[in-house]
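Each remark here refers to the structure printed beneath this line.
Number of protein chains: 2
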Amino acid sequence: MAVSPFFRSQKDRAPAGAAMSGPEAEHRVVQVIVEAIMDHRVAPGARLIERELAIASGASRSAIRNGLMRLAHAGLVELSPNKGASIAMCSPDEARQIFDARIVIETAAVKKLAGTIGEGELERLRAFVEDEREAYERGRMEDARHLSRRFHVLLAEMAGNDVLTGVIRDLINRQPLLSWSRPETEPRFCGNHAHSEIVEAIASRDGERAAHLNMEHLRALERELGAERAAAMQELRSAQAADGPDGNARQADESPVVD
Amino acid sequence: MAVSPFFRSQKDRAPAGAAMSGPEAEHRVVQVIVEAIMDHRVAPGARLIERELAIASGASRSAIRNGLMRLAHAGLVELSPNKGASIAMCSPDEARQIFDARIVIETAAVKKLAGTIGEGELERLRAFVEDEREAYERGRMEDARHLSRRFHVLLAEMAGNDVLTGVIRDLINRQPLLSWSRPETEPRFCGNHAHSEIVEAIASRDGERAAHLNMEHLRALERELGAERAAAMQELRSAQAADGPDGNARQADESPVVD
DNA sequence: CAAGTATAGATTGTTGACAATCGAAACTGG
DNA sequence: CCAGTTTCGATTGTCAACAATCTATACTTG
């Protein structure tokens, strides 16, 4: 392995003078792995070897271990005893459950929001959607995807229930695990227009409509990711047939990034 | 501290001879602490000292540490850096959020259940409620409280969404933290009649009614716990003047299993 | 040649000791 | 007598080495 998919530049590593210990290191490791998953630099199923991560990040193995445990709690990595950690893989059934759960919780959030939101927060929502649109139109796809996901978290936050907000945040963070193809061809981010419609439905105090729009929006996203997933598996299958009997020659060689 | 509130009998400790290492130890530690919270043997805010737990349980400090991290993620203990772990304390606002979250999720579960439940599962629900009633009438209050909480988890399980079931389970496990008075006077467990009514509403495919009944049931429980909490704080305040050491001579013969 | 098996390398899990940090009691000076 | 400071015990956080376990390769044998 020439370079880790997590820590690519020296800048990412700890500053040469500070050894970076403590919860700071752990938090940074978690952050870096989450970002790598978000940007599809690592594929689900990829093994996460503690010592490699420790060397690459400059942190101790203990910090890595704690970080991996935290990520496992969030559902982003799977820990099997004596076998190590790997990026979590979501079965189609799990994917369905995740979207169903999001619909249940976000529906409640949006309905409540339609009844209680103030003018200031409404303006903040509109500004957010505008930022999304701008990022999209300027071709900053990474930012657009990030903001697009963040939008749903923002809705939950505004609804004022920290418990449910935490659940929503975790579920949204797992989204990159649902389709594990790289979004090169076309950016898979929530349609900006849908977000705008939802905000306007909230603005007109029509909770039912806002909830319905959000649900359809999520269902559409689920279908898209399902199609992507199917395409990726199809591609993988044909690649396996062409490669010969050795199916996982891909992992041994370089980074487990699908490119 | 003469004896730990967690590990009181030698039977609770590791079997003499087997050093009990690995994830087994961690899981057992988690189990034991959860049960102690459930039975109100420890009060919210109580400090959890790693070395004490390690000695009392016979597990290593690392296992204790991992267990505490897991409990912290479940919201049962609070971890503050360099200051250690303590049983979590729920503010009144958090309590409200927990119940609101339960209402949101359980409402969805119950509605779905009313539409899809089969005859076999219905029978299982009825048998469960019957077990509850029996435990209550025979004065097995520990079992009754346990079954009473378990009922709501069962509803979530039957709805078929593991993500939401996990959330519900965590939220219900936090219930003993909401009112931290000892349930000596009268068992605070969900009214059995309410559960029966909910099951019958589900049986008649009336999801709206079942959801409404469950919501009112939860609201009533929230009010009860709130009142208990207020009483406990009042009692605590007056007990501060006169020294009142709690006699923890309470014996729990057999603790219910906690998932 | 195939199938099962021994072996070696790599990786995780655990332990105990050490360093960093915190809280509180004792101490000092005004 | 009180405020501030210092010191000390206790507790958490970190680390590196060791033991247990797994995976994959090479090997033996029918």
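Going line by line, the protein sequences match chains A and B. Going by the UniProt record's numbering, the residue at position 61 of the first sequence is 61; the numbering climbs one at a time, nothing skipped. Going by the UniProt record's numbering, the residue at position 88 of the second sequence is 88; the numbering climbs one at a time, nothing skipped. Don't be surprised by glycine CBs; every beta carbon is placed ideally from N, CA and C.
Scanning the segment 80 to 106 of chain A for uninterrupted beta strand (DSSP E) segments of 3 residues or longer gives 84 to 87, listed from N- to C-terminal end.
Following the DSSP letters along the chain, one finds Val129 (chain B) inside the alpha helix (DSSP H) bounded by residues Glu119 to Glu137. Sorting B:Gly67, B:Arg51 and B:Gly58 by C-alpha distance to the C-alpha of Val34 (chain B) places B:Gly67 at the top. Looking at the DSSP output, Val77 (chain A) bridges to A:Ile87. Straight through space, the alpha carbons of Glu132 (chain B) and Ala144 (chain B) are spaced by roughly 6 Å.
In the three-state scheme derived from DSSP, where H, G and I count as helix and E and B as strand, Arg41 (chain B) is classed as coil. Here Leu48 (chain B) is bridged, per DSSP, to B:Ala85. Three or more pairs of CB atoms, one per stretch, sit closer than 8 Å, so the segment 119 to 133 of chain B contacts the segment 151 to 163 of chain B. Inclusion of Leu225 (chain B) and Pro44 (chain B) in the CB contact set at 8 Å is not warranted, their separation being larger than that value. The three-state reading of DSSP puts Arg205 (chain B) in coil, since its state is none of H, G, I, E or B. The contact set of Met69 (chain B) on chain A, defined by CB atoms closer than 7 Å, consists of Met69 in chain order. Taking Gly120 (chain B) as reference, the option from B:Arg138, B:Glu106 and B:Met158 with the minimal CA-CA separation is B:Met158. Look at Leu178 (chain B) here: in three-state DSSP terms it is coil, with no helix or strand label. In the DSSP annotation of this structure, Ala59 (chain A) is not part of any alpha helix (DSSP H), being labelled neither H nor E. In the same chain as Leu79 (chain B), and ignoring 5 residues on each side of it, the C-beta atoms closer than 6 Å to its own belong to Ala72 and Ala85, in chain order. Ala36 (chain A) has a beta carbon lying at 8 Å or more from every beta carbon in chain B. Going by C-alpha positions, Glu137 (chain B) is about 24 Å away from Ala201 (chain B). Put simply, the backbone Cα of Asn173 (chain A) is about 20 Å away from that of Arg65 (chain A). In the three-state scheme derived from DSSP, where H, G and I count as helix and E and B as strand, Arg223 (chain A) is classed as helix. The C-alpha of Val104 (chain A) is placed about 7 Å away from the C-alpha of Ala108 (chain B). If you ignore the 5 residues before and after Leu164 (chain A), its C-beta comes within less than 8 Å of the C-beta of Ile105, Ala108, Ala109 and Ala156, all in its own chain and listed in chain order. Taking a Cβ-Cβ threshold of 7 Å, the residues of chain B close to Val167 (chain A) are Val167, in chain order. The beta carbon of Cys90 (chain B) is closer than 6 Å to those of Leu177 and Leu178 in its chain, skipping five residues each way along the sequence. C-alpha of Val30 (chain A) to C-alpha of Arg70 (chain A): approximately 8 Å in a straight line. Ile105 (chain B) has a beta carbon lying within less than 8 Å of a beta carbon in chain A.
At a cut-off of 8 Å, the C-beta of Asn161 (chain A) has a neighbouring C-beta in chain B. For Phe151 (chain B), the enclosing alpha helix (DSSP H) has its first and last residue at Met141 to Ala159. Looking only at B:Asp206, B:Glu216 and B:Leu171, the smallest Cα-Cα distance to His193 (chain B) is reached by B:Glu216. Look at Gln97 (chain B): its C-beta is under 8 Å from a C-beta on chain A. Under the 8 Å criterion on CB atoms, Ala114 (chain B) is classed as non-interfacial with respect to chain A.
Measuring C-alpha to C-alpha distances from Met38 (chain A) to each of A:Glu24, A:Ser196 and A:Ser148 identifies A:Ser148 as the nearest.
By the Cβ-count criterion, Gly118 (chain A) is exposed, with fewer than 16 other Cβ atoms from all chains shown falling within 10 Å of its own Cβ. Not a single C-beta of chain A is nearer than 8 Å to the C-beta of His212 (chain B). Taking 8 Å as the CB threshold, His73 (chain A) lines the interface with chain B. Here the C-alpha atom of Arg51 (chain A) lies approximately 14 Å from the C-alpha atom of Lys83 (chain A).
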